Amino acid sequence: MSLPPHEALIYLMVITSASDRDMTDVELARIGDVVRSWPVFEDFDHDRLVGVAQDCQKMLHEKDGLEGVLARVAEALPERLLDTAYAAAFEVAAVDLEMRLEEVRVLQLIRRQLDLDTLTVAAIARSAKARLRTLT
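Reading the sequence shown from the start, the letters are residues 3 to 138 in the working numbering.
So this is what it looks like as structure tokens:
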């Protein structure tokens with residue numbers, strides 16, 4: 003059974019947040035912010051967010067694990083949303099202004115699964131870092 007695109011986007015954010023085994027409050031809040039504010043989620047029922055995140059966690063513990071989830075996500079997303087999907091995942095990884103090795107590795111796996119080119123990935127990373135930067 004294929005995932006709906008909204009759920010696929012949320013799965014990528016959850017995977018990224020959980021990659022270091024520590025889903026911080028800042029990361030969880032950012033997932034909620036993205037779902038509430040990005041136009042791609044405007045017709046998503048926000049009350050379903052927690053349930054979708056829990057479904058993702060369950061799927062990660064199944065036989066195919068992370069690779070299986072990434073394959074299902076890639077299958078669920080139309081090509082025009084692949085950069086949006088990576089941007090959502092990167093947003094969660096960058097929100098605490100420190101990217102752990104595990105998060106970098108998961109982003110590499112996502113990038114490979116979505117078949118994104120280097121320039122697109124670099125532009126997404128640069129824009130997220132610029133958007134999240136503070137004066138202090």
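Glycine included, each C-beta is placed from N, C-alpha and C at the ideal position. Since the structure is predicted, the reported quantities are computational estimates derived from the model, not experimental observations.
Query	Result
Taking three-plus beta-carbon pairs below 8 Å as touching, is the segment 27-44 in contact with the segment 91-103?	yes
Comparing alpha-carbon positions, which option in R32, H8, V52 and K65 lies nearest D45?	H8
Could you pull out every residue in the same chain whose Cβ sits closer than 7 Å to the Cβ of M101, ignoring the five residues on either side in sequence?	A95
Would you report the Cα separation of L118 and R133, rounded to the nearest angstrom?	21 Å
Straight-line CA distance for D66 to L72?	10 Å
Going along the chain, which residues of its own chain have a beta-carbon closer than 8 Å to the beta-carbon of A55, five neighbours each way excluded?	I12, V16 and I33
Mapping the DSSP letters down to three states, classify P6 as helix, strand or coil.	coil
Compare the C-alpha of L1 against each of I112, E77 and K131 and name the closest.	Since the displayed the chain opens at 3 and closes at 138, residue 1 lies outside it and no answer follows.
Taking the alpha carbon of T1 as the point to measure from, which residue in D85, L99 and A31 has its own alpha carbon closest?	Given that the chain is displayed from residue 3 to residue 138, the structure contains no residue 1 and the question cannot be resolved.
Alpha carbon to alpha carbon, how far is L84 from E75? Give it in angstroms, no decimals.	Position check: residue 75 holds Val in this sequence, whereas Glu was assumed. The alpha-carbon atoms of V75 and L84 are separated by roughly 10 Å.
Got a sec? Which residues, its chain only, sit under 6 Å from V123 by beta carbon, not counting five neighbours each side?	R113
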